[in-house]
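Worksheet: one structure, shown below.
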Amino acid sequence: MPAPATFRSPSLTASAMLAPAMLLIVFYLILPSLTLLRYSFDAYDPILLLKGTFTLENYASFFKQPYYQDVLLTTVLISVGCTVGSLVLGVPAAYSLARTRSRFKSLYMIITIFPLFMGNVVRSEGWIAAFGTRGFVNVILMDAGLIDHPVKLMYTTFAVVVGTLSVVLPIMILILQGVFESVDYSLVDAARNLGAGYFAAARGVLLPMVLPGMTVGSVFVFILCMNAYATPFLLGGPGFRMMAPVLYRQIATNSDWPMGSSIAFILMAVTILATAISIRLLAQKKRS
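So in the working numbering, spot 110 of the sequence shown is number 117, and the numbers just go up one at a time.
Encoded structure:
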């Protein structure tokens with residue numbers, strides 16, 4: 008006797024499979040975010056922490072105070088600088104990895120992704136050992152006679168940029184490597200055969216094919232840099248002016264949840280705005 012036919016709706020099956028993940032997102036991301044959003048419109052009380060009011064004073068205070076303006080500007084500039092730096096260093100590295108036929112390609116890949124197996128704190132500790140007064144950078148420079156006394160490298164913007172760049176560069180390389188491996192290089196060869204020079208073929212044929220991937224990698228790296236905490240805190244010092252460390256100090260040290268929450272949402276808004284602008288510019292480039 009044949010088994011009775013059963014009706015299974017693809018939409019119901021998909022909903023059932025998505026339900027656990029959606030519940031986790033709702034309870035561990037959306038609800039806490041909504042709570043912080045409500046806190047950002049509250050007022051700080053030294054005793055009660057929250058006054059239970061509704062005000063825009065936290066957001067107004069952020070944009071009125073030069074300190075917070077400097078924090079936001081520093082964060083954006085460092086994030087843009089690290090993004091550009093990861094592109095400049097990552098494009099040739101990713102292209103070489105994608106095009107190489109060397110038997111050591113697997114070794115090169117392992118070297119590239121090895122830093123990702125270490126946390127940001129561990130990598131920052133390594134830079135502390137390098138940039139310290141008696142770190143090997145100062146030792147090498149002094150032994151070479153380039154400097155007479157140790158140069159202050161720790162707790163500077165330079166240290167933060169280098170440390171942050173070391174965190175995001177492997178990620179950019181991995182993203183771009185996949186992009187370069189998906190390119191149809193016969194089109195580049197055809198342009199070369201028709202008389203185009205190497206740089207003309209790269210600019211006119213290769214660049215349009217890899218530009219979307221470069222944009223995705225840049226947006227991803229920019230988001231990571233904007234939200235960086237451990238590296239700026241350890242290499243720039245507790246008082247270094249970037250959004251994530253300042254946010255942490257407001258909540259963990261000052262217990263000012265309203266101001267800290269407003270900083271969090273301003274950081275998120277700036278990041279989303281920059282991402283939207285990048286996507287729109289890419290869309291305009293494609294249309295043109």
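All residues carry an ideal CB built from backbone N, CA and C; glycine is no exception.
- Per DSSP, reduced to three states, the secondary structure at L41 is helical.
- Residue burial is scored here from C-beta neighbours: Y74 has fewer than 16 other C-beta atoms within 10 angstroms and is therefore classed as exposed.
- Put simply, the stretch 173 to 181 touches the stretch 88 to 107. At least three CB pairs are less than 8 Å apart.
- The C-alpha of I182 lies about 11 Å from the C-alpha of L94.
- Under the three-pair Cβ rule at 8 Å, the stretch 255 to 271 counts as touching the stretch 50 to 68.
- Just so you know, the alpha carbons of I118 and R210 end up roughly 29 Å apart.
- Contact check between the stretch 241 to 254 and the stretch 161 to 172: three or more CB pairs, one atom from each, fall below 8 Å, which counts as touching.
- Beta bridge pairing from DSSP links Y51 with L57.
- Looking at R248, A235 and R294, the one whose alpha-carbon comes closest to that of M275 is A235.
- Rounded to whole angstroms, S269 and A197 show a C-alpha spacing of 54 Å.
- Residue environment: F124 is assigned as exposed (fewer than 16 neighbouring CB atoms within 10 Å of its CB, all protein chains considered).
- V228 sits away from I180, with the two beta carbons spaced by 8 Å or more.
- Minimum Cα-Cα distance from I230 among the listed residues R256, A237, F34 and V83 corresponds to V83.
- Per DSSP, reduced to three states, the secondary structure at G220 is helical.
- By the Cβ neighbour-count rule, G97 is buried, with 16 or more other Cβ atoms within 10 Å of its own.
- R130 counts as buried, since no fewer than 16 other beta carbons sit within 10 angstroms of its beta carbon.
- The stretch 52 to 71 makes no contact with the stretch 136 to 153, as fewer than three CB pairs between them are under 8 Å.
- With fewer than 16 other Cβ atoms inside 10 Å of its own Cβ, G59 counts as exposed.
- Under the three-state reduction of DSSP output, Y205 falls in the helix class.
- Annotation: Q257 is outside any alpha helix (DSSP H) and is labelled neither H nor E by DSSP.
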